[in-house]
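What follows is a single structure, written as structure tokens, with notes after it.
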Amino acid sequence: MDMLHLEHFALGWLTPALAYFLSATGCAIGLQCTKQARRGRRRLGWLIMASIAIGGTGIWVMHFVAMLGFSIDGAQIRFDVPLTVLSAALAIGVVGVGLYLVSTPGSGLAILLTGGVITGLGIGAMHYTGMAAMQTDAQIDYDPVRIALSLVIAMGAATVTLWFSLRSWGAVSTVGAALVMAAGVATMHYTGMSAMHAHAAAHPAEPQGAEALEVLGPLIGAISVVTVGLLIGISMTLTDPHRTSAPER
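Pasting the structure below:
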């Protein structure tokens, strides 16, 4: 069976660079949200917003912006809309679980590691749910060793992300932490993508689903708009002259 060439950079460095930038931006905003959550006021609300920023923009948007530069020579690609939406919900949900666990008063190293494993496996589930959403007339299989490696990387990146969320950061430190977090997300993504192999199908069928931009464009746009809204909300909170600060843990 003929193996087909996979192109991960069909648009050059535009998609990986944009994906990394958006990931770092989402992570930076998420870190600021967790900082506000530690102040004790509206904690759950801030944690939800951090989950959207980190899980939505920092992880899911990064994944699918990178996917805009992915193609299989000689094959068509479509996306299953419900599975794509599910992958976004998974990313936001597992980050929320991890942040909630580690932000609980009295949590220690064991909780951090547990949260990292749960969140990392969830990020892996997001990635491979997103890949399952990709419909193609080629035959797809995966290298189990590289899948396992991508999950290990995901758990490591998730643990580092949760550890960063427990610290107080100034502007420069926040940017540095976000760049490290985004690098971990990108490494997990491209390791997972390297596990994929495509072969020409003997009797290819027309793939069902929507074109990439038809489904990804609106979803990426919606999450990005929410992230910008979070940035504005954080800015207003930090500049509010009536804001009272509580001691941070």
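Heads up, the sequence shown is in UniProt numbering, so the first residue is 1 and it goes up one at a time.
Glycine included, each C-beta is placed from N, C-alpha and C at the ideal position.
Considering T136, what are the terminal residues of the beta strand (DSSP E) in which it resides? Within the sequence shown, residue 136 is the residue found at index 136, counting from 1. First-last of the beta strand (DSSP E) with T136: M134 to T136.
Roughly how many whole angstroms lie between the Cα atoms of P241 and S103? The residue given as residue 241 occupies position 241 in the sequence shown. The residue given as residue 103 occupies position 103 in the sequence shown. Its pLDDT being 46, under 50, P241 is placed unreliably in this model, and the coordinates cannot settle the point.
With a 10 Å radius around its C-beta and 16 neighbouring C-beta atoms as the bar for buried, classify H127 as buried or exposed. Sequence index remark: in the sequence shown, residue 127 carries index 127 (1-based). Flag for H127 reads buried.
Quick check on residue 325: buried or exposed, where buried means 16 or more other Cβ atoms within 10 Å of its Cβ? This structure cannot settle anything about residue 325, because the visible part of the chain is limited to 1 through 249.
From what residue to what residue does the alpha helix (DSSP H) around F164 run? Residue numbering aside, residue 164 sits at position 164 when the sequence shown is read from its first letter. Counting along the chain, the alpha helix (DSSP H) containing F164 begins and ends at P144 to S165.
Express the C-alpha separation of I72 and H5 in angstroms, rounding to a whole number. Position 5 of the sequence shown, counted from the first residue, corresponds to residue 5. Position 72 of the sequence shown, counted from the first residue, corresponds to residue 72. About 6 Å.
Please report how far the alpha carbon of M224 lies from the alpha carbon of A125, in whole angstroms. Residue mapping note: residue 224 aligns to position 224 of the sequence shown, counting from 1. Residue mapping note: residue 125 aligns to position 125 of the sequence shown, counting from 1. Residue 224 is actually Ser in this sequence, not Met. Rounded to the nearest angstrom, the two C-alpha atoms are 22 Å apart.
Member of G106, S194 and A132 whose CA lies at the smallest distance from the CA of V145: Numbered from 1 along the sequence shown, position 145 holds the residue referred to as residue 145. When each option's Cα is compared against that of V145, the closest is S194.
Only counting runs of 3 or more residues, tell me where the beta strand (DSSP E) segments fall wholly within the stretch 37-89, in order along the chain. 77-79
Quick check on the burial criterion: 16 or more other C-beta atoms within 10 angstroms. Buried or exposed for S235? Counting from 1 along the sequence shown, the entry for residue 235 is found at position 235. Label assigned to S235: exposed.
Provide the residue span of the beta strand (DSSP E) that contains A200, from first to last. Position 200 of the sequence shown, counting from 1, holds the residue named residue 200. Residues M196 to A200.
Are the beta-carbon atoms of G58 and G96 separated by less than 9 Å? For this step, residue 58 is matched to residue 58 along the sequence shown. For this step, residue 96 is matched to residue 96 along the sequence shown. Not closer than 9 Å, so no.
Beta bridge counterpart(s) of M3 as assigned by DSSP: Translated into positions along the sequence shown, residue 3 becomes position 3. Bridge partners of M3: H199.
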